[in-house]
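Report on the following structure.
Residue numbers (the working numbering), protein chains in the order written: chain E, 61 to 385; chain X, 61 to 385; chain H, 30 to 282; chain W, 30 to 282.
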């Protein structure tokens, strides 16, 4: 039926193949939902270094990658996690200590940059940010940009509207396209060729995937192609964009996966406590990340009781009545 | 729950309210599928004049509106209908006789222009059409454009890529946004507030709707909001964009509506014969359009037998084995 | 009935929301305010999240705008691209009211949620814009939640994340932004509006037990207090709905 | 086995399609060619429509690219925006081969599907670009179906709808287009390729019973015929699959 045979592989293999030191990466999800956490932890276990990461509000996953020392350059709109950590803690300390190069955008800027990448155009335009420091302050200098062919020459550009004031705009902000080397997303259902069905909000996953040279899909369930093809309009990412498909139940844990499980408030709260203290965080990594062989290892450590607690209610898609204080 | 009470109305009322002489209009669907034909025929019956129509490949619907003398200005990518009429016949004759002002784009140009309108930006960019007459030949003169505030000053603009050759592009084509006064789409399911679920391909309906000041939704079925809200990710147009909801079974007839009915090859073939001859076409209009009170009137004229023939197969969504010669 | 400051702030914000408004919510108190408005004074308002959920049912309070709780029972679930387009859109954008929080606000309602100190070597780093800069750029009305402390109302922001009236009348338009801008700053002491002409913040109301001078003492810049009145405290009905229906488990309040 | 010219043309096009190709199809013979390739020589090619359907099952031949028959059993159904983005996309665009028809083609493979005569007052008006200009602008390889008639191979097009090599080597790049361009022109008499250096059309093969001179007689401009060979007619297997599996009801052929 298509050329996508042989995409199903282990997570270890997928990360080893497509996530290389220094590569440009983005991950799916938003704050505490559908982060590809199993893949994030595997990247940390494989001690990947110097990743250039593109994030809108990719919360927990990005914070852990920073904590694990995997990221050296970060383009980001929001380093926060909702209530668990209004400002992501390892993100905050890495910036305050000058450990990573970073550059700020808004969520729409980043979404549009992925959209431009997926569309195959060099930039896209918006009115967002005119008059703000987001446009003024560049985290990557002109010199660095000129040296690195994988960075656009400019953070942004403002141009006058060539169509007069058509659309009520006198000028627009142009944000440059992003085309990551690899994007990793976690979805509820995929087939072995990589066609994905995302349930609930898709965040920016679709454009992130389509903008990327390689896409690793981790999924709760690998389903038969015929099942997905009964409702093709609900499959947001066709297989032609996907390089690897990995079956990882609880692959978003400890973030949520709509209709499957909720975020784990206990794990996240604990993590935010650990993250605030370098020594505790190091111990946390040794135990929960490096100390386990793989994601099932982490889940065993967490325990069935805790997983049962966050299991999603069929009606609502989350763990109704979950104690989240 | 929301401010959208009182959107359900008759087709006559919806067209009388939102489609005014000289207004800028777009219709949904593509060639022979999901054209809002009931609304098109009602526009013709109400003898609307001087419409400015934006079309990508809106096939039968646009051709009938031209045939009915409703359109005076047309921005279009494709005036064709597939096998029934490779070039739409009333479109062709109107242009050859100089009866309408027209301007050519590509399908992507038009899709992007609706996308820009929906996004609220003055233009969007692409590499399509560089070096072609689509960019060179303007159907609307600079003078007309300067006089009419509802037209952008320029058909298109080409600019150098401000980001060097980022994204592999040295220059890009900018196409100006479209924000119609009214867009009419026909969908399988809507609720009384206007939230829509489109089954099968959505064509450019979503952006067309979101770009418009007013949206008239005609639908096969008005369903309970609760039913649509069980799977919010499959509702492509939320009610906030919609002005009117009209229940019109067979509202796309004689074009197709996936999962409901196929196009009617007999009607379309007959229509293409009529359309080629002014006298026959006039008789056709008198009988099938002006000669009936409303869409149910047309369906009665067509007859149950013919409708039964095109009724969709549950498995495939079209009339399996339909004689289409 | 007794009430907490958080409850007062929530109700003051809720009262700013009108029927027909599409309310852009963040997390925490802004979400509770939007939910309260819908239950109390603006049943036909629509709650909407930057993650792409429109008119969510919110049977439980979400802890983040990506919480699965915003997905359940919504009219539509899409993504960021669609959500921000709804705000930039000429037809829907004008109906949206944004609710934002911030680390700093200046007299023109510009916001800093990025850092304290130098951008490149900050003393304190915050989360950054998220969708705040986008909302502030696009929509016609914005409510801003703040704690009233001197350092949070500085003469000059350390970083301008989200545009208010920039440097005064006409500045938004000169910069190329849509008109509109912040409507009210709602703090633990009172509510400030912006003057139609000068675009400067002024004190509109102070809470029972607070004096205008208390408020001036907690800001680096001075504001006009001549138009200030004492705010109407939450009614019993407002409090009852807030406590029983909006946040019964006291997750936020 | 006997075969018709339409069958010959279909098979010549099908043979140009390779495993892994994503095939952009129009209606009519181009769709049949893509379906034939998938059944005969490129089972791992993917048929794809500008309306947004990817890898459609095509149990029946669609009569238009918006026919519900392209929606059934596809891997994904989206819309025009997504379909054209797939072509412009740097990662997927290079894997796409377009199949186009046209009213006129010039020696550089530029196409006219808009009009004959003056654009504003045409003698004959055609449908216009549709997605043809987009495909021709974006993708690395294109097949063009033509009827071999003098007026259809003019020295100068009445209107340039879809870019081929424009006015010769380097012209696409100078105009700002992606490299790539037309690969083959498949007519009722033979198949033309484009010279790697001059980008001009040359005769690659002529059908059994046709001479190169016949072909020259049916074009306004001359093409190099020195490289031409006689084309291999459809094999029995190819014909059998075409007739029995691809178009059993003779809707197109």
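Even glycine gets a Cβ: it sits at the ideal position worked out from N, Cα and C. Keep in mind that this is a model prediction, so the values were computed, not measured.
Sheet register partners of residue i (DSSP bridge)
i: residue 143 of chain X; result: X:141
i: residue 253 of chain W; result: W:231
i: residue 163 of chain X; result: X:135
i: residue 188 of chain W; result: In DSSP, residue 188 of chain W forms no bridge with anything.
i: residue 47 of chain H; result: Answer by DSSP bridge pairing: none, since residue 47 of chain H is not bridged.
i: residue 75 of chain H; result: H:51
i: residue 231 of chain E; result: E:220
i: residue 274 of chain X; result: X:242
7 Å Cβ cutoff met for residue i and residue j
i: residue 280 of chain W; j: residue 252 of chain W; result: no
i: residue 277 of chain E; j: residue 250 of chain E; result: yes
i: residue 335 of chain X; j: residue 159 of chain W; result: no
i: residue 178 of chain E; j: residue 103 of chain W; result: no
i: residue 206 of chain W; j: residue 190 of chain X; result: yes
i: residue 42 of chain W; j: residue 62 of chain W; result: yes
i: residue 316 of chain E; j: residue 167 of chain E; result: no
i: residue 122 of chain E; j: residue 185 of chain X; result: no
Straight-line Cα distance separating residue j from residue i
i: residue 256 of chain E; j: residue 132 of chain X; result: 44 Å
i: residue 254 of chain E; j: residue 183 of chain E; result: 28 Å
i: residue 102 of chain X; j: residue 306 of chain X; result: 12 Å
i: residue 216 of chain X; j: residue 204 of chain W; result: 15 Å
i: residue 118 of chain W; j: residue 111 of chain H; result: 20 Å
i: residue 357 of chain X; j: residue 349 of chain X; result: 9 Å
i: residue 170 of chain H; j: residue 85 of chain X; result: 30 Å
i: residue 126 of chain W; j: residue 60 of chain W; result: 13 Å
i: residue 207 of chain X; j: residue 303 of chain X; result: 30 Å
i: residue 229 of chain X; j: residue 322 of chain E; result: 43 Å
i: residue 188 of chain H; j: residue 329 of chain E; result: 30 Å
i: residue 163 of chain H; j: residue 32 of chain H; result: 34 Å
i: residue 68 of chain X; j: residue 247 of chain X; result: 15 Å
i: residue 192 of chain W; j: residue 182 of chain W; result: 15 Å
i: residue 366 of chain E; j: residue 327 of chain E; result: 9 Å
i: residue 92 of chain W; j: residue 56 of chain W; result: 6 Å
i: residue 78 of chain W; j: residue 124 of chain X; result: 25 Å
i: residue 155 of chain E; j: residue 195 of chain E; result: 19 Å
Reduced DSSP secondary structure (H/G/I, E/B, other) of residue i
i: residue 318 of chain X; result: coil
i: residue 341 of chain X; result: helix
i: residue 377 of chain X; result: coil
i: residue 202 of chain W; result: helix
i: residue 83 of chain E; result: coil
i: residue 168 of chain E; result: helix
i: residue 108 of chain E; result: coil
i: residue 248 of chain E; result: strand
i: residue 50 of chain X; result: Here chain X comprises residues numbered 61 to 385, so residue 50 of chain X is not present and cannot be evaluated.
i: residue 102 of chain W; result: coil
i: residue 117 of chain W; result: helix
i: residue 371 of chain X; result: strand
Proximal residues to residue i (C-beta, below 6 Å), its chain only, five neighbours per side dropped
i: residue 109 of chain X; result: 81
i: residue 40 of chain H; result: 263 and 267
i: residue 298 of chain E; result: 255
i: residue 198 of chain H; result: 228
Same chain, Cβ closer than 7 Å to residue i, neighbours up to 5 away in sequence not counted
i: residue 151 of chain W; result: 144 and 145
i: residue 177 of chain W; result: 216, 217, 218, 244 and 247
Same chain, Cβ closer than 8 Å to residue i, neighbours up to 5 away in sequence not counted
i: residue 231 of chain E; result: 190, 218, 219, 220 and 221
i: residue 308 of chain X; result: 71, 98, 99, 246, 278, 279, 280 and 355
i: residue 63 of chain X; result: With a pLDDT of 45 at residue 63 of chain X, under the threshold of 50, the modelled position of this residue cannot be trusted; read the value that follows with caution. Cβ neighbours of residue 63 of chain X beyond the five flanking positions: none.
Contact test: residue i Cβ vs the ligand FMN heavy atom, cutoff 6 Å
i: residue 257 of chain E; result: As presented, the structure is devoid of all ligands, the ligand FMN included, so that no description of it is given.
Please list the residues of the stretch 259-289 of chain X that have a C-beta atom closer than 8 Å to any C-beta atom in chain B, keeping them in chain order. Absence of chain B from the displayed structure is noted, the protein chains being E, X, H and W.
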